[in-house]
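Novice: Counting from 1, one number per residue, gives the positions in the sequence shown under the UniProt record's numbering.
Ideal placement from N, C-alpha and C gives every residue a C-beta, glycine not left out.
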Amino acid sequence: MESSNSENPPATKPSSDAQVLSHVQTVLTNYLTSSPIYQLLLSSVILTAATTGLQSVLCLILGPPFIAVLTVLHGSLSATIIDLVGGLVVASAGSAKTGVSTDMHISFVGTAREGDTLFIEGSAERVGSTLAFARVTIEKEDEAGGRAVVAAGSHTKYVK
């Protein structure tokens with residue numbers, strides 16, 4: 001769970017996708033430099049898009065630290081990704097404070113292995129004045145060049 005940073009002033013809602021992307025990248029950089037767990041596990045994540053539609057898209061290439069004993073993506077990394085992206089979705093709504101986690105649910109529906117590239121997409125179901133509700137999907141490229149879901153989750157955050 002990440003905590004809200006009371007030192008950051010509230011942001012105004014960005015007016016363009018470029019501004020949203022810049023704002024979300026700033027929040028991501030702050031996460032990666034101030035959170036040891038995010039630094040350890042997600043320092044190589046790349047933000048590829050963020051829109052005013054309350055959406056964030058990232059990618060991550062799986063290396064050895066992300067792999068469990070059975071040579072597939074470790075479930076704890078999936079949970080950490082969903083936690084991170086839930087906060088970025090709140091940031092894409094224009095907030096400087098991304099809140100604290102109150103609830104997360106994860107379904108592990110596929111596998112990913114070392115060398116696979118994960119495509120992570122988060123979207124907001126609702127960002128209110130007290131709670132924010134996000135959905136996050138983690139996919140990999142399949143053999144046919146399409147996408148296969150590896151894990152999907154929901155993330156509720158207290159944002160007041």
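Which runs of the alpha helix (DSSP H) at least 4 residues long sit entirely within the region 83-157? Give them in chain order.
Specialist: Whole alpha helix (DSSP H) segments, 4+ residues: zero.
Novice: Can you give me the Cβ contacts of Cys59 inside the same chain, cut-off strictly under 8 angstroms, excluding the 5 residues immediately before and after it?
Specialist: Closer than 8 angstroms at the Cβ level, and outside the excluded window around Cys59, lie Val45, Ile46, Thr48, Thr117, Leu118, Phe119, Ile120.
Novice: Take every Cβ of the region 122-136, pair it with every Cβ of the region 148-160, and state whether three or more of those distances are shorter than 8 angstroms.
Specialist: Yes, the region 122-136 is in contact with the region 148-160.
Novice: I'd like the ranges of any alpha helix (DSSP H) spanning at least 4 consecutive residues and lying wholly in the region 28-59.
Specialist: Runs of the alpha helix (DSSP H) inside the region 28-59: 36-42.
Novice: Taking its Cβ as the centre, do 16 or more other Cβ atoms sit within 10 Å of Gln55, making it buried, or is it exposed?
Specialist: That one is buried.
Novice: Can you check whether the CB of Gly87 is closer than 7 angstroms to the CB of Thr98?
Specialist: Yes; because the gap between Cβ atoms is below 7 angstroms, this pair is in contact.
Novice: Does Val150 come within less than 7 angstroms of chain C when only Cβ atoms are used?
Specialist: This model lacks chain C altogether, as it is built from one protein chain only.
Novice: DSSP on Leu73, reduced to helix/strand/coil?
Specialist: In the structure shown, Leu73 sits in a strand (DSSP, three-state: E or B).
Novice: Where His105 and Ala96 are concerned, what is the direct C-alpha to C-alpha distance, given to the nearest angstrom?
Specialist: Near 24 angstroms, if we compare the C-alpha coordinates of Ala96 and His105.
Novice: Quick check on Gly146: buried or exposed, where buried means 16 or more other Cβ atoms within 10 Å of its Cβ?
Specialist: When all chains shown are included, Gly146 counts as exposed.
Novice: Using 10 angstroms around the beta-carbon of Leu21, count the other beta-carbons present and answer buried if the total reaches 16, otherwise exposed.
Specialist: So Leu21 ends up on the buried side.
Novice: Give the C-beta separation of Ala91 and Val27 to the nearest angstrom, bearing in mind that I take them to be a contact with Cβ-Cβ under 8 angstroms.
Specialist: Confirmed, about 4 angstroms.
Novice: Since Val89 contacts Ala134 with CB under 8 angstroms, what's their CB separation in whole angstroms?
Specialist: So it is a contact: roughly 4 angstroms between Cβ atoms.
Novice: Within its chain, find whatever has a CB closer than 7 angstroms to the CB of Ala151; leave out the 5 residues flanking it on each side and keep chain order.
Specialist: Excluding sequence neighbours, Ala151 sits near Ser78, Ile106, Ser107, Phe108, Val109, Ile138.
Novice: Here's the rule: buried if 16 or more other CB atoms are within 10 angstroms of the residue's CB, otherwise exposed. What is Asn5?
Specialist: Because the pLDDT at Asn5 is just 41, under 50, the model does not fix this residue reliably, and the point stays unresolved.
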